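*Asks:*
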Amino acid sequence: MWEELRAAVQSIMLNDEEDQILRSYSSMGKYSVHLYVVMVLVFILAVWKLNIPPRVQFFLWLISNNRVLTRDNLVKRREVTDATCLFCSEKESISHLFFDCCVAMHVWKFISLCWIEVLVLILNRLPPCG
Ligand SMILES: [Zn+2]
1001 MWEELRAAVQ
1011 SIMLNDEEDQ
1021 ILRSYSSMGK
1031 YSVHLYVVMV
1041 LVFILAVWKL
1051 NIPPRVQFFL
1061 WLISNNRVLT
1071 RDNLVKRREV
1081 TDATCLFCSE
1091 KESISHLFFD
1101 CCVAMHVWKF
1111 ISLCWIEVLV
1121 LILNRLPPCG
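The sequence shown lines up with residues 1001 to 1130 when you count with my numbering.
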């Protein structure tokens, strides 16, 4: 598995083009309900088996069950009347807050750039295989 990860990271070609969010989870590049259900089940099972702090497991469970107190959920509970995102004025949902919001996109872009740099540093310090 390590070699596969190493090969995958080394195959990444960075360029100056704008990043895109791709949501193709099947080999056909299409998203199906069946695939979604399988992914959710695998995710739920995997979350509880991860060696991470219980509070992180619980938060991931909240996300997967749409129980995070985002503004759309607070409106349903009648705790706020305005469901718009405080960053960009779009409707705030879990998907919006973590992926679609302009602020989230900047955060993910920053994290991905840092993560790639860390992986490259690690890979450059590894002894050659074989
Ligand atoms: Zn937003």
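For glycine and all other residues, C-beta sits at the position ideal for the given N, C-alpha and C.
Remember, predicted model here, so these are calculated numbers, not experimental data.
1) Taking 7 Å as the limit between beta carbons, can you name the residues of its chain near H1096, skipping five residues before and five after?
2) Start and end of the alpha helix (DSSP H) containing I1052?
3) Measuring CB to CB, does I1111 end up less than 8 Å from N1066?
4) Taking only heavy atoms of ligand 1 into account, decide whether any of them is closer than 7 Å to the Cβ of C1102.
5) Grab the span of the alpha helix (DSSP H) containing S1112 for me, first residue to last.
6) Have a look at the DSSP bridge pairing and note the partners of K1091.
7) Please report the residue range of the alpha helix (DSSP H) in which R1071 lies.
8) By how many angstroms is the C-alpha of C1101 removed from the C-alpha of A1083?
*Replies:* Let's see:
1) For this step, residue 1096 is matched to residue 96 along the sequence shown. The answer, listed in chain order, is C1085 and E1090.
2) In the sequence shown, residue 1052 corresponds to position 52, counting from 1. Per DSSP, I1052 belongs to no alpha helix (DSSP H) and is neither H nor E.
3) Your numbering for residue 1111 matches position 111 in the sequence shown. Your numbering for residue 1066 matches position 66 in the sequence shown. No. Outside cutoff.
4) As a first step, residue 1102 must be located in the sequence shown, where it is residue number 102. Yes.
5) Against the sequence shown, residue 1112 aligns to sequence position 112. For S1112, the enclosing alpha helix (DSSP H) begins and ends at C1102 to R1125.
6) Translated into the one-based positions of the sequence shown, residue 1091 becomes position 91. Residue pairing for K1091: DSSP places it in a beta bridge opposite T1084.
7) Working through the sequence shown from its first residue, we reach residue 1071 at position 71. Per DSSP, the unbroken alpha helix (DSSP H) holding R1071 starts and ends at R1071 to K1076.
8) Within the sequence shown, numbered from 1, the residue matching residue 1083 stands at position 83. Within the sequence shown, numbered from 1, the residue matching residue 1101 stands at position 101. Straight across, the Cα-Cα distance linking A1083 with C1101 is about 14 Å.
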